[in-house]
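Undergrad: Can you read through this structure? Questions will come right after.
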Amino acid sequence: MTTASDPSYPAHWEADVVLRDGGTARIRPITTEDAGRLVSFYEQVSDESKYYRFFAPYPRLSARDVHRFTHHDYVDRVGLAATIGEEFIGTVRYDRIGPDGRPASAPADEAEVAFLVQDAHQGRGVASALLEHIGAVARERGIRRFAAEVLPANNKMIKVFKDAGYEQKRSFEDGSVHLTLDLEPTAESLAVQRAREQRAEARSVQRLLTPRSVAVIGVSRSGGGVGAAALRNLRDSGFRGHLYAVNEAATTDLLDGVRAYRALGAVDAPVDLAVIAVPAERVPEAVAACGEHGVQGLVVLSAGYGESGAAGLDRQRELVRQVRSYGMRLIGPNAYGVINTAPEVGLNASLTPAPAPMRGRIGLFTQSGAIGISLLSALLRRGEGLSSFVSAGNRADVSGNDILQYWYEDEATDVALMYLETLGNPRKFTRLARRTAAVKPVVVARGGRHTPAGHVVPGTRLPDATVSALLRQAGVIRVDTVTELVDVGLLLASQPLPAGPRVAILGNSESLGVLTYDACLAQGLRPGAPQDLTTAATPVDFRAALGTALGSAENDAVIVTVIPWVNEQEPQDDLAEALRDAVAAHPGKPVAVVHVELAELVDALSPAGLGAAPATGTGALPPRRRRRTDEDEGGFAGPELRIPAYPAAERAVRAVAEAVRYGQWRRANADAGQVPEYEDIDEAAAAARLAELLADVGDGVLTLTEPDAAALLAHYGIRVLPTLPAPSADAAVRAARSLGYPVALKTTAPHLRHRADLGGVRLDLGGEADLRRSYEELTDLLGTPDELLPVVQAMVPRGVDTVVRSVIDPAAGAVLSFGLAGVASELLGDTAHRLVPATDRDAAGLIRSIRTAPLLFGWRGSDPVDTPALEELLLRLSRLVDDHPEVVGVTLEPVVVATEGLSVLSAAVRVAHPPARTDLGPRTLPSY
């Protein structure tokens, strides 16, 4: 007998999941305590569903059935249930079977699987989620195949198996369809899983941002406080749905002109979204009321959670558990709120008062309410609008990952701006960001390098520079400040991507033009000589010069610099119109304006100056940028009327430079590359060897001996040059004779390892006399042989010394790193990084992205080294750590890359038992 409190209960199988319609459910093992729930669940299933499950009329479960379906050993017999609250909505079970189809134990690796989903919840993706999780459990227990018998008329279940993406066989036997599924994850099954994840998480956010009815719980009668402010903002934003106010002490039918109720249960209509603004100790009561009323999502403005200390953090965890138990999703707690400017919604469920943000094509996500206020104000001042805004506060449930899933397919959002204080799961974030960045820019400002109070997501151990490199790999535009976030967002939301780095500069100030020119050079752009139109230039002159610059094939972007006219007789509206006329006549290239104290020009160039619709209006959106394709070559159809303006040259140039780099990434990543196959890789042998090495290892990490490390790497075609110990001069001579002269004599003591600068290495020793003399010098200078641990190694062809590493971060997963060996590179931090698995494009980019890369390609007349061999080494190592999560760290140092081939002189490998869940595991919401 097993209960949830027993030590044998597999608690790590518990998971919250988002279903197809955006609601949530909890998947957990079935225990002996679930007999009553199972009977109640079965009674709510239709006779047809029961017939499909048991192939015969089966109106009720017998006591023997209930015992069988609730008693499991969690090895050969496993049952999982999908639950909402305390109720089962679906179950799945497997029983291990032998070749004869009868019950069996390991090493039998096949199991029979069967599902049952409550009719009211069919079509929500419950069975698909259960299949993912029971498949992961089965793999963990050594089961490699599922067998299932399905009636031909049970099309829904056949489709669940068919659409899973696993390799499968199908046959028709004795009036039923016999299915066999290979549970080894495939590229197709992983793609199916991630597509389902995207649709479900996007739908869950859509439900939060497009409610048909909203209730604000905690509206004071006096009109003061957070709840009353949120209610006024909803009312004044022109919300198109039904709006309700809830106050347990309400004595009138109206609060602030909105229909008022003493309890949510008194509302005799569905409520899609609830905004909760009551003290933290009363939030559980409000959540329960929402769950009982069928509310789909919550925005919790209340504070007093993770940001307030350990007790608040416990309260926050319990809040998430309670919210998910009702199948709801949560923004917050300690949130600032959400905004959706779509005319059919008009939602401002936030603390942002009127005037509401205009409609626009920028999506904005922040974790900080204060930063959210700053960004909204900055966009308002610059005349820019929003498609949607989410300020998630403590981000206990809905996170930036969920919002990216929504923005990916949101036609109203062209640019995603994100202020993040933590990344939580960098591996998932970079995966989602890379997919989103392929169709629209993602701009991220990170607020800190450490996890702030209230954000209970696990942090990453990776250095900030490494995280930045991984973000760049994913196409994310990383900026340092919220000002840069707005600057870059404005340009990307209104201008086409530049086809290259060539920038034309023109304006009526020579000095401002020179400053812009210098800023372009600092950003790696290729500016042309500034064109000085002189201070006498009129709007007509600007239009002519800008038209010429845009029409020239020598320019990819144009920066216009403007200072006030001395006589102040030239209307700034006329200049804005002249610039827009030139852009309309020559579309396809980005234009930015640098101005000095010309606020009216900024207004005239902005969407507000064009009469863009506010959030409450019904007019059309500002001109929309078509999604750029590779055929565009930097151009977009139709004139672009909005032109971003900046009060400093450096800010405009930074925005243009980020657009250039993003455009280059888009073009380079049109083909994402491939993970190559190598015929000489022996994955099975490596797996067997790892199992042997870890057989007696507990929860710790094992550092392999050099022979074991070399043997493991050899299974993946990575040869480590052997070394022979030299505890004495005579032993060194015998080793050299075995290896053949010339040889190297090296110390391997930890404090001297890879430190040639300390004199612990002697190279090109051509004979016994040289070797004995060097041995004596080493021991006289640095210590005894017992302290130095000297070894002898054969010499290899001269080349460039490099370092190749892979480390496992608990949040990011496996990361591949590359740099040149030596103190200078370490001091400068000149190391590049890529996520595993790396493609051939990733490997090629990795070795070219370090600052010292020219040394590999013939710097100052030297011979170029064999970079294809280096790329192959990186790809083989990537395959090793991707195929075997037991490998938690590898260091190859040095790797000497010669003009032909390379040599790995030393390898350190660390292994450990893999975590229960990996990125290839079933989709699940984070649990903190």
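All letters in the sequence shown, in the order written, are residues -18 to 909 by our numbering.
Just so you know, even glycine gets a beta-carbon here, dropped at the ideal spot from N, CA and C.
#1: On the DSSP letters alone, give me the boundaries of the alpha helix (DSSP H) that N382 sits inside.
#2: Would you mind sorting R832 into buried or exposed? The rule is 16 or more other CB atoms within 10 Å of its CB.
#3: Assuming the contact rule is C-beta atoms closer than 8 Å, A557 and L514 should be a hit. Round their C-beta distance to whole Å, please.
#4: Quick one: measure Cβ to Cβ for V94 and A37, integer angstroms, because I've assumed they're closer than 8 Å.
#5: Within 8 Å: the Cβ of P(-9) and any heavy atom of the ligand ZN?
#6: Please classify W388: is it buried, with 16 or more other beta-carbons within 10 angstroms of its beta-carbon, or exposed?
#7: If A573 and P625 are in contact, beta carbons under 8 Å, what's the gap, nearest whole angstrom?
#8: Between which two residues does the beta strand (DSSP E) containing H52 stretch?
#9: Quick check: the region 299 to 317 against the region -9 to 9, are there 3 or more CB pairs under 8 Å?
#10: Buried or exposed: which applies to S646, given that a residue is buried once 16 or more other Cβ atoms fall within 10 Å of its Cβ?
#11: Name the one or two DSSP bridge partners that D(-3) has.
#12: Where do the N-terminal and C-terminal ends of the alpha helix (DSSP H) with T516 fall, by residue?
#13: Could you check whether the region 560 to 577 touches the region 515 to 534, counting it as contact only if at least three pairs of C-beta atoms, one from each stretch, sit closer than 8 Å?
#14: Which same chain residues, not among the five before or five after L910, have their C-beta less than 6 Å away from its C-beta?
#15: Measuring only the C-alpha atoms, how far is G698 from E673?
#16: In whole angstroms, what is the alpha-carbon distance linking T122 and D864?
#17: Taking 8 Å as the cut-off, does the region 46 to 58 touch the region 139 to 151 (at least 3 CB pairs, one atom from each stretch)?
#18: Alpha carbon to alpha carbon, what distance is there between V280 and R860?
#19: Run through DSSP, which three-state label would L602 get?
#20: Taking 8 Å as the limit between beta carbons, can you name the residues of its chain near R180, skipping five residues before and five after?
#21: If you draw a straight line from the C-alpha of A291 to the C-alpha of D81, how long is it?
#22: For the region 259 to 272 and the region 178 to 194, state whether three or more C-beta atom pairs, one from each stretch, are separated by less than 8 Å.
#23: Would you check if the region 332 to 348 and the region 205 to 217 touch, i.e. whether three or more CB-CB distances between them fall below 8 Å?
#24: Taking A450 and H894 to be in contact with their CB atoms under 8 Å, please state how far apart those CB atoms are, rounded to whole angstroms.
#25: Going by beta carbon distance, what residues of the same chain come within less than 6 Å of R120, once the five residues before and after it are set aside?
#26: Taking E273 as the reference, which of A518, E660, E262, I65 has the closest Cα?
#27: Pick from T5, R9, G4, G3: whose alpha carbon is nearest that of A(-8)?
#28: Hey, quick one: how far does the beta strand (DSSP E) through N321 stretch, first residue to last?
#29: Taking the straight line between their C-alpha atoms, what separation do you get for G505 and R642?
#30: Per DSSP, which one or two residues make a beta bridge with A241?
#31: Put M339 into one of helix, strand or coil per three-state DSSP.
#32: Skipping 5 residues on each side, what residues in its chain have a beta carbon closer than 6 Å to that of G747?
#33: Restricting to Cα atoms, I'd like to know which of P571, T542, D555, L560 is closest to E578.
#34: Can you tell me which of the three DSSP states Y(-10) falls into?
#35: Does the beta-carbon distance from G882 to A850 come in below 9 Å?
#36: With DSSP as the reference, please indicate the residues paired to T542 in a beta bridge.
TA: According to the structure data:
#1: 381 to 390 is the span of the alpha helix (DSSP H), which, as asked, contains N382.
#2: By the C-beta density criterion, R832 is exposed, having fewer than 16 other C-beta atoms within 10 angstroms.
#3: Going by Cβ atoms, the distance from A557 to L514 rounds to 16 Å, so no, they are not a contact pair.
#4: The beta-carbon separation of V94 and A37, rounded to 19 Å, does not stay under the 8 Å limit for a contact.
#5: What this structure holds is no ligand at all, so the ligand ZN is not there to describe.
#6: By the neighbour-count rule (16 or more Cβ atoms within 10 Å), W388 is buried.
#7: Contact annotation, A573 with P625: C-beta distance approximately 6 Å; criterion of less than 8 Å satisfied.
#8: Neither: H52 is in no beta strand (DSSP E) and is coded neither H nor E.
#9: Touching, yes.
#10: Correcting the residue identity first, residue 646 is Trp in this sequence and not Ser. W646 comes out buried.
#11: Beta-bridge pairing links D(-3) to R7.
#12: From DSSP, T516 is part of no alpha helix (DSSP H); its letter is neither H nor E.
#13: With a cut-off of 8 Å on Cβ pairs, the region 560 to 577 is in contact with the region 515 to 534, counting three or more such pairs.
#14: The structure shown does not extend to residue 910, since the chain is modelled only from -18 to 909, so the question has no answer here.
#15: A direct Cα-Cα distance of roughly 20 Å separates G698 from E673.
#16: Going by the sequence as given, residue 122 is Arg instead of Thr. Answer to the nearest angstrom: the Cα atoms are 18 Å apart.
#17: Contact fails: fewer than three Cβ-Cβ distances are below 8 Å.
#18: Each residue's CA atom was taken as its position, placing R860 and V280 some 43 Å apart.
#19: Confidence at L602 is low in this model, with a pLDDT of 44, below 50, so the placement of that residue should be treated as unreliable; the coordinate-derived value is given next. In this structure, L602 counts as coil in the three-state DSSP scheme.
#20: Cβ-Cβ distances below 8 Å link R180 to R1 in the same chain, with the five nearest sequence neighbours on each side left out; the list follows chain order.
#21: Rounded to the nearest angstrom, the two C-alpha atoms are 55 Å apart.
#22: With a cut-off of 8 Å, the region 178 to 194 and the region 259 to 272 do not count as touching, because too few Cβ pairs lie within range.
#23: Proximity of the region 205 to 217 to the region 332 to 348 meets the contact definition, three or more beta-carbon pairs being nearer than 8 Å.
#24: Not confirmed; about 29 Å, so no contact.
#25: Result list for R120: L164, in chain order.
#26: The shortest CA-to-CA distance from E273 to any of A518, E660, E262, I65 is the one to I65.
#27: Comparing C-alpha distances from A(-8) to each of T5, R9, G4, G3 shows the shortest one belongs to R9.
#28: 318 to 321 is the extent of the beta strand (DSSP E) around N321.
#29: Roughly 10 Å between the two C-alpha positions.
#30: Bridge partners of A241: A226.
#31: Note: M339 maps to strand in three-state DSSP.
#32: Here the set comprises Y722, P723.
#33: Nearest of P571, T542, D555, L560 to E578, Cα basis: T542.
#34: Reduced to three states, the DSSP call for Y(-10) is coil.
#35: Less than 9 Å separates the beta-carbon of G882 from that of A850.
#36: Residue pairing by DSSP places T542 opposite G488, V575 in a beta bridge.
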